[in-house]
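Notes follow the structure.
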Amino acid sequence: MQEKYPPKPENSADLDRESTASVQVAASRPVGINLCVIGGGFVGLVTAAGFAEFGHSVVCVEKDLARFNLLCKGEIPFYEKKLPELIKRNIECNRLTFSNDLVESVTGRQVIFIAVGTPESKSGRTDSTALDEIAHLLAENLQSGQIIVLKSTVPVGTGSRFKQILNSNSYSERNISVVNNPEFLREGNAVDDFFHPRRIVIGCDEARAIEIVAQVYRLGMKPGVPIVTTNNETAEMIKYASNAFLATKIGFINELAGLCDPIGINVLEVTRAMRLDPRIGPEFLSPGPGWGGSCFRKDMKELMGLADSMEFPLIIARAVLESNQRQHLYVVEKVRRLTGSLSNARIGILGLSFKAGTSDMRDSPAIPIINELVKEGALVVAYDPQAKEQARECLPDLKLVDNIYDTADKADCLVILTEWQEFQLLDFKRIKTIMNRPNLVDARNLLTPETVRRYGLNYLGMGQS
Ligand code: UDX
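Note that the working numbering has the sequence shown beginning at 741, numbered continuously upward.
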């Protein structure tokens, strides 16, 4: 029997291209418009270059002069595949320019996307300082009818607060719309995620603003991408809920791997069957050293802070954070199981970024894992194909080498923390020869245990032991 889904809330409509007729405002043929994107970071750059690729005229504002100069040359200060060529191509076609002057850049631009960082503050809530500075600057320089789009992940209620600031009574004759349009870009896959989103979320209580923002996407988006329209607060919550759920899902499978280990069950056999259930879904079921990145922990803590302020604490979210910290120690425990005491043990770490495909080490599990190994007296050496600069900042005392085999040389244990493809092609014979003791912890289940053991290495995976 076809499951009846709950009726759609009256203020939100899931619609794709075929059902655009149900949108109150008729969708006229999309045309390229003048856009401004404030913020030349990971999200801002992908968004600006992506919209330019659609055919819009985009200016991207970056206030940091060094980064601004780099961007003008079409260079970016971090690793993100496909992004440099996307930026270069759109600079050459004069669809994408960069500016260091916010006021000049917003003048005459119909839609202004804000994609600045909203980091975690000491209290655990989001630090919206950068955002508020922009709001007050914009309040002085916007014209009626312009649309502000919050692309950054912002605390629930920010859109409405922004609207008050921008339309405060000193500007009462002016009508500035504020839309929430959260991004769902994954680092290492951001360009593909931009052009092939699972959904576009547009939150606003004004049909005109919703339609114009939908038009921005329709100019270049593939047909059939669902556009979810709702109010500002709901769009803000969708972002937090999505990230918190993804972290919860990963945390669950990490714990299950920890349970499978002592029983001797292969967790990959378990997830193979779990993935076949559409209610569980095939993705985000790979055990690892713990989730990281600039979003998950920050967003979980913002959501928990909001919940606490509503006197409805999120018990599961709290457990997910705690479980993720235990996962770091669980990896150290596996190393200790192979090497015995960690004191003076030489440990080679393969992979420092929080996931493959990015140089980003923000909240990377490598940081607490390496700190714990060092605390127990281990001598750590590490290699990452992209994160060397970031590692120098996050772990200034860490000895860094430039390749896999310098990492394995004289090591008592080799530990894979990031699933870079080159770590799947290890020369085990050579590794066995150069290591001091033949131990390998594969915290990403990147390798086939039987293959590794056939070369005489002791192997521990995650839920594969
Ligand atoms: C995440 C969300 O996926 C994205 O939608 C949002 O816009 C930003 O935050 P990102 O942080 O770039 O994206 O990386 P993601 O691919 O989600 O991975 C997050 C962490 O979970 C990484 O440390 C990754 O290694 C880990 N992970 C992911 C697992 O350990 N197992 C998995 O199966 C998937």
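C-beta: ideal position from N, C-alpha, C; glycine also.
Count the other CB atoms, across all protein chains shown, that sit within 10 Å of the CB of residue i; report buried if there are 16 or more and exposed otherwise.
i     : result
N1161 : It should be pointed out that residue 1161 corresponds to Gln in this sequence rather than to Asn. Per the 10 Å Cβ criterion, exposed.
N921  : buried
A1059 : exposed
H1068 : buried
V931  : buried
G1028 : buried
E951  : buried
C833  : exposed
E1009 : exposed
E984  : It should be noted that the sequence gives Ala, not Glu, for residue 984. Buried, since its Cβ has 16 or more Cβ neighbours within 10 Å.
V894  : buried
Q1164 : exposed
A1122 : buried
Y821  : Just to set this straight, residue 821 is Lys in the shown sequence, not Tyr. The residue in question, K821, is exposed, as its Cβ has fewer than 16 Cβ neighbours within 10 Å.
G1196 : exposed
D1124 : buried
Residues in its own chain within less than 7 Å of residue i by CB, not counting five upstream and five downstream?
i    : result
N907 : R914, N915, I916
E793 : L826, N830, G960
V846 : C776, I852, L878, N881, L882
With respect to the alpha helix (DSSP H) encompassing residue i, which residues constitute its N-terminal and C-terminal limits?
i     : result
L1054 : L1054 -> no alpha helix (DSSP H), and no H or E assigned at all.
S982  : 972-1003
Y957  : 947-958
I816  : That residue, I816, is in no alpha helix (DSSP H); it is neither H nor E in DSSP.
G899  : 898-906
By Cβ distance below 8 Å, which residues in the same chain neighbour residue i in space, the five residues on each side in sequence not counted?
i     : result
E1062 : none
Is DSSP giving residue i helix, strand or coil here?
i     : result
N1198 : strand
L890  : strand
T1173 : helix
F1094 : coil
Y1145 : helix
S839  : strand
S1205 : coil
R1086 : strand
E913  : coil
I827  : helix
Report back the beta-carbon spacing between residue i and residue j to the nearest angstrom; my notes put them in contact at under 8 Å.
i     : j     : result
L1113 : V1075 : 7 Å
Q1065 : M1101 : Incorrect: roughly 17 Å between the Cβ atoms, too far for contact.
Y1083 : T1158 : Looking at the sequence itself, residue 1083 is Ser, so the reference to Tyr does not match. About 26 Å; that fails the 8 Å criterion.
T988  : I1055 : T988 to I1055, Cβ: 12 Å. No contact.
A855  : K891  : 4 Å
First and last residue of the beta strand (DSSP E) that includes residue i?
i     : result
N929  : No beta strand (DSSP E) holds N929; DSSP gives it neither H nor E.
S917  : 917-920
F853  : 851-854
G1182 : Strictly speaking, residue 1182 in this sequence is Asp, with Gly absent from that position. Note, D1182: beta strand (DSSP E), 1179-1182.
S1049 : Premise fails: S1049 lies in the alpha helix (DSSP H), 1036-1049, not in any beta strand (DSSP E).
Less than 6 Å between C-beta atoms, sequence neighbours within five positions excluded: which residues of the same chain meet that for residue i?
i    : result
E973 : V896
V763 : No answer about V763 holds up, because its pLDDT of 39 lies below 50 and its placement is not dependable.
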